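Enquirer:
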Amino acid sequence: MALSDHLVRAVGGRFPAGLTPVATAAGLGRGLDLAILRLGAGESFEDASPLETAWVLLEGAAEVVFGERGAAVRRASLFDEPPTALHAAAGERVVWRSGATGAEWAVVRTANERRFAARLFTPDESKPEYRGAGLVQNAALRNVRLIFDRANRPEANLVVGEVVNYPGRWSSYPPHHHDQPEIYHYRFSAPNGYGHAELGDEVLKVRHGDTVAIPPGLDHAQVAAPGYGMYYLWMICHLPGNPYTGFTFADEHQWTLDPRQQGWRPADLPSGLS
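Residue numbers (our numbering): 4 to 277.
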């Protein structure tokens, strides 16, 4: 399979109403399922998937019922607001009902036979982590938002989080790799925004609504075009006997993690333009 085949384009940057499969566990996702759910005003969606599922609210307002609980959720901006997500075990009945403006979710699934109580992750639980601060002239400064991993959901087979990639800067940097499959789903601050996704020595141009499946063991890094904020939802599934516990940086770029080494600076750049 060519690396270009790991890119799934969103036609026109939008998804149709209902549940739209993007990547499947048996195919591109290598154990991960990703779909996008869009509901119009007042519409409902009921689910009891045989797979572990994470519902990440991308936009809009809705009410959700799971177990004996109910909650109202809302998100106006991927870029300026922390995530809201529901994490449920296989077979858990979940009912969504959208509000007056409709709503959109990323639906992430993987196989998991363990039973556990569903949990709603609210915005106040996601603390921003500003990775890259003070390194290589802040060229890879970004906001990483972890939703859940083994630390707060040890029974899960998923790890899910978000990155806000600032305009003209890098993220997932230095390039890194891990044994477990991963998917990135992209949104931009403007519909004509774009960025580039590195997969090893290959580079894919990514646009609003696109998705990239990252093969295990392959170094990957991202950059956003100037003027455009780039958001991506990232999802990883643990492998049997080999759970995701972190990543390995590419050796040749590890020096960029040393704050004493800021890299080349133009000698003729006027003060105030750096």
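C-beta atoms are modelled at their ideal positions from N, C-alpha and C, and glycine is treated no differently.
Since we're looking at a predicted model, the values are computed, not measured.
Assuming Gly34 contacts Cys240 (C-beta within less than 8 Å), just tell me the rounded distance between them.
Expert: Yes, Gly34 and Cys240 are in contact; Cβ-Cβ is about 5 Å, under 8 Å.
Enquirer: Assuming Val226 and His256 form a contact by the criterion Cβ under 8 Å, report the distance between their Cβ atoms to the nearest whole angstrom.
Expert: Val226 to His256, Cβ: 14 Å. No contact.
Enquirer: Thinking just about the alpha-carbon of each residue, which of Glu116, Pro178, Tyr169 is nearest to the one in Ala282?
Expert: Past the boundaries of the shown model lies residue 282; the chain is included only from 4 to 277, so the question cannot be answered.
Enquirer: Can the beta-carbon of Gly275 be found closer than 9 Å to that of Pro229?
Expert: Contact flag unset, no.
Enquirer: Taking the Cβ atom as the reference point for each residue, do Thr214 and Tyr176 lie within a distance shorter than 9 Å?
Expert: Not closer than 9 Å, so no.
Enquirer: Unbroken beta strand (DSSP E) runs of length 3 or more, entirely within the region 115 to 181: which are they?
Expert: 122 to 124, 132 to 134, 145 to 151, 161 to 168, 173 to 180, all fully within the region 115 to 181.
Enquirer: For Trp258, write down the residues that DSSP places opposite it in a beta bridge.
Expert: Answer is none; Trp258 lacks a bridge partner.
Enquirer: Locate the beta strand (DSSP E) running through Pro24, then write down its first and last residues.
Expert: Start and end: 21 to 26.
Enquirer: By the DSSP assignment, the beta strand (DSSP E) with Asp50 in it spans what residues?
Expert: 47 to 50 is the extent of the beta strand (DSSP E) around Asp50.
Enquirer: By alpha-carbon positions, which one of Ala5, Phe82, Trp58 ends up nearest to Ala193?
Expert: Comparing Cα positions, the closest option is Phe82.
Enquirer: Our contact map puts Gly135 next to Arg148 with C-beta atoms below 8 Å; I'd like the distance itself, whole angstroms only.
Expert: Contact flag wrong, Cβ pair sits at about 14 Å.
Enquirer: Return the Cβ separation of Arg96 and Ala51 in integer angstroms, given the expectation that the two are a contact with Cβ distance under 8 Å.
Expert: The pair is a contact, with the Cβ atoms about 5 Å apart (cut-off 8 Å).
Enquirer: According to DSSP, simplified to helix, strand and coil, what is Ser101?
Expert: Of the three classes helix, strand and coil, the one that applies to Ser101 here is strand, per DSSP.
Enquirer: Is Gly32 buried or exposed, if buried means 16 or more other CB atoms sit within 10 Å of its CB?
Expert: With 16 or more Cβ atoms within 10 Å of its Cβ, Gly32 is classed as buried.
Enquirer: Are the CB atoms of Gly63 and Thr104 within a distance shorter than 9 Å?
Expert: Yes, the pair counts as a contact, with Cβ atoms nearer than the cut-off.
Enquirer: Nearest to Arg72 by CA position, among Ala44, Ala121, Asp36, is which residue?
Expert: Among Ala44, Ala121, Asp36, the Cα nearest to that of Arg72 belongs to Ala121.
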